[in-house]
Amino acid sequence: MSAVFDKPSLYQRALPVLQGFDGLLAFAVFLLACAGLLIMYSSGYDHGTRFADHGRNMLIAGAIMFVVAQVPPQRLMVFAVPLYITGVTLLVAVLAFGITKKGARRWINLGVVIQPSEILKIAMPLMLAWWFQKREGQLRPLDFVVGLVLLALPVGLIMKQPDLGTSLLVLAAGLAVIFFAGLSWKLILPPVLLGVVGISLIVWFEPQLCADGMRWPVLHDYQQQRICTLLDPSRDPLGKGFHIIQGMIAIGSGGVFGKGFMAGTQTHLEFIPERTTDFIFAAYSEEFGLIGNLLLISGFLFLIFRGLAIAMDAPSMFSRLLAGALTMIFFTYAFVNMGMVSGILPVVGVPLPFISYGGTAMVTLGLAIGMLMSIAKAKRLMQT
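Just so you know, we're using this note's numbering here: the sequence shown kicks off at 4 and counts up by one.
What follows is the structure, encoded as structure tokens:
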């Protein structure tokens, strides 16, 4: 009789909360977070409270991940439309009376200064996954057109600020949903081929296109300068090309095995600009070399493949599209950041996931991992 009134143990009470968590995904995040803390201490220990703040941001992101992972995917779907409308409305408000810093109007004061474009990194894939879920089994070409319009509206508003880095991330997440929803290759290949031809022509005619006084249509002057600097950093080695040149020097000087923890001269003599944020990969490469880079890239690949595996096993179309898009966000983050630091992509403000310093970006990453955990958990609970 007393057994009926026995209180469950702490383990028994915690088991329903922990049950279904994807251990492989959590392990990948843990490894990347450890690498981030390691290089953040080396590059930011003398940078005020940067290391302590980075650790705090990771804890906040971890708490958000844990909470969001408890929310079933069908509940996440309820937030799609309100979050998208809120995000787009705030983007319009930014254009009207936003805060301008360093020539860009990206922030708005709502009692707390926020950057609404960050909301769209999550709201965009949520909205498009909801849209295609509602049309499952009866998709028409017009549905893809509507999806592209839903994507083009926030991307255009973000580029207007201007914020090329965030617009690329939102665009990549949205296109991933549209692709996974079943967009025909016949519609994908022509713009891809057109892009390849366009890039080839820009490289070929770089001396004429980047000559003094030449102005490109559509792009802002600073965007044109970034592309021209990418093609030839030596045009302005102490100005626009300084970031790229110093980043490549740091990566090359690391060699195969690196200079060792806290032994990077380019980093600690402050030759690397933004060494704790956008260019932290250069600091990491200098200290840990090619071997360290391969291990870091392997960690990101492991996370990406695990995310795609979760998407393939997702219990619904909404979950599958959302998981695939969130995974592609991590791929875009890592690819663009490493590419710009290595000198193969223009310099844009895109952090390296779990490695770069940044509170807002870390919260976004925590949300994304939490949603992936939620989708993986829903599938496992269905199987039990």
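For each residue, glycine too, the CB sits at the ideal point set by N, CA and C.
Extent of the continuous alpha helix (DSSP H) to which R59 belongs:
R53 to A72
If you measure between the beta carbons of L2 and G310, is that distance less than 8 Å?
This structure gives no information on residue 2, because the portion of the chain shown stretches from 4 to 387.
I'd like to check one pair, F305 with A31: are the Cβ atoms closer than 8 Å?
yes
Cβ neighbour criterion (16 or more within 10 Å) applied to Q136:
Q136 is buried by the Cβ-count criterion.
Please work out which residues of its chain come closer than 8 Å, Cβ to Cβ, to I67, disregarding the five sequence neighbours upstream and downstream, and give them in chain order.
V366, G369, L370 and G373
Please classify R108: does DSSP put it in a helix, a strand, or coil?
Here R108 sits in strand by DSSP.
Opposing strand residues paired with G270 [DSSP bridges]
Here residue 270 is Thr; the residue named in the question, Gly, does not match the sequence. Partner(s): none; T270 has no beta bridge.
Using 8 Å as the threshold, is the C-beta distance between M43 and T279 below it?
yes
For A6, I'd like the list of residues in its chain whose CB is within less than 8 Å of its CB, leaving aside the five on either flank, ordered along the chain.
Reliability fails at A6, whose pLDDT of 49 lies under 50, so the model's placement of it is uncertain and the value that follows must be treated cautiously. Excluding sequence neighbours, A6 sits near nothing in its chain.
Once you ignore the five residues that flank R229 on each side, which residues in its own chain have a CB closer than 6 Å to its CB?
P349 and V350
By DSSP, does M4 sit in helix, in strand, or in coil?
Its pLDDT being 46, under 50, M4 is placed unreliably by the model, and nothing is read from it.
Based on Cα-Cα distance, which residue from A214, T335 and V344 lies nearest to Q249?
V344
Can you name, in chain order, every residue of its own chain whose Cβ lies under 6 Å from the Cβ of V180, other than the five neighbours on each side?
P128, L131, A132, L324 and A328
State the Cα-Cα distance for the pair K262 and I111, rounded to the nearest angstrom.
If you draw a straight line from the Cα of K262 to the Cα of I111, it is about 43 Å long.
Secondary structure at T363, three-state DSSP: helix, strand or coil?
helix
Whole angstroms is fine: what's the gap from F8's alpha carbon to V70's?
Caution is warranted here: a pLDDT of 49 is assigned to F8, below 50, making its placement in the model unreliable, and no coordinate value can be reported.
What's the call for R109, buried or exposed, on a 16-neighbour Cβ count within 10 Å?
buried
What's the gap between the Cα of A64 and the Cα of C231?
37 Å
Is the region 80-100 close to the region 46-55, with three or more CB pairs under 8 Å?
The region 80-100, when compared against the region 46-55, does not touch it at the 8 Å Cβ threshold.
Relative to the alpha-carbon of H246, which residue among G257, F208, F264 and Q269 has its alpha-carbon at the smallest distance?
Q269
What's the C-alpha gap between L113 and K104?
17 Å
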